[in-house]
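Chains as they are written, first to last, in this note's numbering: chain U, 293 to 602; chain F, 589 to 876. Where a beta carbon is used, it is the ideal one built from N, C-alpha and C, also for glycine.
Structure (structure tokens):
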């Protein structure tokens with residue numbers, strides 16, 4: 293990272309940290325929602341954007357992470373600090389289970405299997421009442437450190453901010469490492485990747501596990517932020533929204549996940565009163581960016597630079 | 589009693605088959621899975637509401653007009669959305685169909701609101717009795733019309749020049765194009781036909797379910813049916829649809845009606861795990 297870019301990022305982060313102090317609490321809640329979306333989009337981008345593996349099942353991962361975290365906290369009395377990573381790990385394990393059949397498939401069938409996984413997860417949440425309380429949902433307690441409880445949106449803001457910063461930083465390191473380069477090589481050509489000695493099986497599984505882990509952490513944070521979870525928050529449509537985030541922001545770009553996640557989770561808040569216009573706006577943004585910005589908003593930057601160079 | 593369950597399974601299944609056929613038709617020709625197919629079904633129902641209930645046109649005329657309107661919608665979708673995405677990444681096109689489903693749902697909600705509308709049945713009410721099997725005329729007609737539409741398009745693809753050019757395009761776009769087939773015209777027609785089929789099923793289910801912006805959810809069943817039959821097989825989707833209808837009805841009769849929806853999901857899981865290409869589908873060999 294150039295030192296000027298680093299400076300900009302630093303100023304932006306400090307401004308972001310101080311911002312909620314001067315705004316009403318609703319604003320910190322909206323920022324929390326954005327952060328969670330960013331974590332989820334970053335994870336999805338690792339498997340779909342970087343490795344080129346279609347994943348329509350991200351909502352299933354988020355759901356499992358949310359329920360695992362909530363159940364660890366309520367049923368087993370494990371504190372948030374143990375429950376969140378445990379929830380993430382359980383989700384990562386489910387990601388492994390999904391990756392195994394996914395290895396044999398690509399394109400449409402991979403889309404079908406992951407889509408089916410998300411749909412089935414939602415059905416299980418509704419019908420396995422003894423575990424999940426079905427449509428009645430579960431109340432989730434707030435995280436605590438000693439006697440300090442993260443029981444307001446402002447407090448949750450700082451917690452989620454820290455987790456998000458950590459997760460995005462990790463993702464940035466992963467994609468800049470040999471793992472990230474292996475992901476990209478698989479996306480570009482499996483045959484070429486194999487010829488260069490990339491263990492395709494291993495890296496595909498790794499991509500799914502990472503994506504699941506990020507989804508699980510996002511879900512766990514969502515559960516504690518909302519303080520209540522029920523199956524209807526984890527419909528298959530959430531998978532589509534997550535995919536839309538990385539498509540609009542930029543496939544195969546961490547910055548793209550941040551921009552797309554922030555944009556598509558912030559816009560609905562503006563049109564909170566009129567849901568039918570929310571969907572209209574969402575659909576229109578998605579179609580227009582797919583047609584005119586095939587590389588997402590991040591690609592716009594290159595486009596402009598190329599235009600200027602002419 | 590078994591026969592009775594079988595018959596109602598087939599009537600439900602013929603609807604699934606008709607919607608599934610819409611999925612498979614577009615997939616075969618353009619390799620796009622149209623995740624907005626359920627919304628096309630919904631739009632068909634709203635067209636029927638407009639022509640039959642609001643404008644008091646006769647049923648067959650409303651049916652025809654709704655089909656033609658949906659055909660136009662399909663043509664517009666292809667030219668406005670799919671054509672600019674030719675050559676784009678596969679995922680981009682899939683995402684575009686999801687975006688379309690959002691757009692269609694919201695447009696309907698803006699025009700008609702999100703309340704439920706009921707649709708009067710145009711068919712006689714007194715049930716027919718054949719031996720010990722009771723069939724409501726409505727279900728009989730639904731099955732009859734769906735199968736009729738499927739037969740019509742089968743003959744169309746098999747025997748007309750336009751139909752054959754579509755089939756050729758589905759098999760090999762480059763070769764078809766070299767033979768003088770205009771690919772984009774074929775794609776436009778296919779989208780039109782698929783949307784008209786979707787709309788037809790929407791009109792047929794309108795009296796059975798309340799009309800609402802969310803009725804497109806039924807397409808998940810049809811999707812399961814298409815997967816069961818094999819996503820790239822036209823006869824497969826019809827058989828898959830009928831089979832799913834029968835499985836569902838047998839299951840809900842012999843086990844519990846509460847499991848009707850779960851059963852179709854179990855079918856989906858089982859097929860995806862054990863035979864993702866479905867009963868009649870073929871694995872496509874892709875150049876990497």
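Alpha-carbon spacing of residue i relative to residue j, whole angstroms
i, j, result
"residue 334 of chain U", "residue 468 of chain U", "14 Å"
"residue 342 of chain U", "residue 543 of chain U", "7 Å"
"residue 441 of chain U", "residue 454 of chain U", "16 Å"
"residue 436 of chain U", "residue 592 of chain U", "43 Å"
"residue 685 of chain F", "residue 716 of chain F", "41 Å"
"residue 874 of chain F", "residue 534 of chain U", "Since pLDDT at residue 874 of chain F reaches only 47, below the 50 mark, its modelled position is unreliable, and the value read off the structure follows with that caveat. Using only the alpha carbons, I get a separation of about 28 Å."
"residue 375 of chain U", "residue 389 of chain U", "21 Å"
"residue 632 of chain F", "residue 575 of chain U", "20 Å"
"residue 417 of chain U", "residue 448 of chain U", "26 Å"
"residue 738 of chain F", "residue 487 of chain U", "48 Å"
"residue 378 of chain U", "residue 462 of chain U", "18 Å"
"residue 577 of chain U", "residue 537 of chain U", "10 Å"
"residue 693 of chain F", "residue 564 of chain U", "17 Å"
"residue 512 of chain U", "residue 850 of chain F", "27 Å"
"residue 351 of chain U", "residue 406 of chain U", "10 Å"
"residue 573 of chain U", "residue 642 of chain F", "29 Å"
"residue 368 of chain U", "residue 516 of chain U", "16 Å"
"residue 473 of chain U", "residue 481 of chain U", "12 Å"
"residue 644 of chain F", "residue 403 of chain U", "43 Å"
"residue 401 of chain U", "residue 663 of chain F", "27 Å"
"residue 452 of chain U", "residue 361 of chain U", "15 Å"
"residue 582 of chain U", "residue 667 of chain F", "15 Å"
"residue 439 of chain U", "residue 314 of chain U", "26 Å"
"residue 450 of chain U", "residue 309 of chain U", "8 Å"
"residue 599 of chain F", "residue 833 of chain F", "7 Å"
"residue 613 of chain F", "residue 761 of chain F", "15 Å"
"residue 797 of chain F", "residue 727 of chain F", "13 Å"
Spatial neighbours of residue i in its chain, beta-carbon cut-off 6 Å, leaving aside the 5 residues before and after
i, result
"residue 514 of chain U", "328, 358"
"residue 616 of chain F", "758, 820"
"residue 625 of chain F", "610, 611, 786, 807"
"residue 519 of chain U", "432"
"residue 549 of chain U", "333, 334, 337, 538, 541"
"residue 344 of chain U", "479"
"residue 502 of chain U", "338"
"residue 521 of chain U", "358, 362, 429, 430, 515"
"residue 560 of chain U", "570"
"residue 801 of chain F", "693, 696, 697, 702"
The ligand ATP heavy atom lying under 6 Å from the CB of residue i
i, result
"residue 792 of chain F", "Judged by which ligands are present, the structure shown has none, so any question about the ligand ATP falls away."
For residue i: DSSP bridge partner residues
i, result
"residue 717 of chain F", "F:722"
"residue 440 of chain U", "U:437"
"residue 598 of chain U", "Looking at the DSSP assignment, residue 598 of chain U forms no beta bridge with any residue, so it has no partner."
"residue 705 of chain F", "F:799"
"residue 521 of chain U", "U:430"
Element boundaries [alpha helix (DSSP H), containing residue i]
i, result
"residue 680 of chain F", "678 to 700"
"residue 764 of chain F", "761 to 766"
"residue 493 of chain U", "492 to 518"
"residue 782 of chain F", "771 to 793"
"residue 450 of chain U", "445 to 467"
"residue 809 of chain F", "807 to 817"
"residue 332 of chain U", "317 to 336"
"residue 296 of chain U", "295 to 310"
"residue 413 of chain U", "399 to 419"
"residue 471 of chain U", "470 to 480"
"residue 557 of chain U", "546 to 562"
"residue 393 of chain U", "372 to 394"
"residue 566 of chain U", "Where residue 566 of chain U is concerned, there is no enclosing alpha helix (DSSP H), given that its DSSP letter is neither H nor E."
"residue 616 of chain F", "590 to 618"
"residue 837 of chain F", "822 to 842"
"residue 366 of chain U", "350 to 366"
"residue 536 of chain U", "529 to 541"
Cut-off 7 Å between Cβ atoms - residues of its own chain near residue i, not counting five sequence neighbours on either side
i, result
"residue 657 of chain F", "635"
"residue 443 of chain U", "434"
"residue 754 of chain F", "617, 745, 774, 777, 778"
"residue 884 of chain F", "Residue 884 of chain F is absent from the model: chain F starts at 589 and stops at 876."
"residue 856 of chain F", "812, 815"
Close beta carbons around residue i, own chain, < 8 Å, minus the five adjacent residues each side
i, result
"residue 876 of chain F", "Caution is warranted here: a pLDDT of 36 is assigned to residue 876 of chain F, below 50, making its placement in the model unreliable, and the coordinate value is therefore given only provisionally. Taken in chain order, the list of residues that qualify is empty."
"residue 500 of chain U", "339, 345, 347, 387, 388, 390, 391, 394"
"residue 523 of chain U", "355, 414, 417, 418, 424, 426, 427, 429"
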